Amino acid sequence: TGLFRMLERYARRVRANGNRLILAEVNPALLAGLSGTGVTEAIDPGNIFIATPIIGESIFEAIRAAGR
1 TGLFRMLERY
11 ARRVRANGNR
21 LILAEVNPAL
31 LAGLSGTGVT
41 EAIDPGNIFI
51 ATPIIGESIF
61 EAIRAAGR
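All residue numbers for the sequence shown refer to the working numbering, where the first residue is 1 and numbers rise by one.
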C-alpha cells in the first residue's frame, strides 16, 4: 500500500542520514505487511520489536536497543 511505500522511503532516508528507525509494539499482522513490501529490510529487522502480552515490554526493549 501507499503507507508501506512511504514508510520504506522514510526508513531509507533515516538510514542514509546515519540514523535508524525503531518500531515498537508492532502487531504480528502488521509485521507480515511490512515484510511483504520490503519495509522490514529498509528498517532492519533488528529494529522492529513485536508487541507482547506484557504492555510496554517491547517499548522497553526498543529503548535498550536504541542505547546500543
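All residues carry an ideal CB built from backbone N, CA and C; glycine is no exception. Treat the numbers as computed from the prediction; the structure is a model and nothing was measured.
For the set N47, G67, R64 and T52, the Cα lying nearest the Cα of L21 is the one of N47. A buried status is given to L23, since no fewer than 16 other beta-carbon atoms sit within 10 Å of its beta-carbon.
With fewer than 16 other CB atoms across the displayed protein chains lying within 10 angstroms of its CB, I54 is exposed. If the five residues before and after A11 are omitted, its C-beta is found closer than 8 angstroms to the C-beta atoms of L21, V39, A42 and I43, all from its own chain and listed in chain order. Bridge pairing for L23: I48 [DSSP].
One Cα belongs to T37, the other to A29, and the distance between them is close to 13 angstroms.
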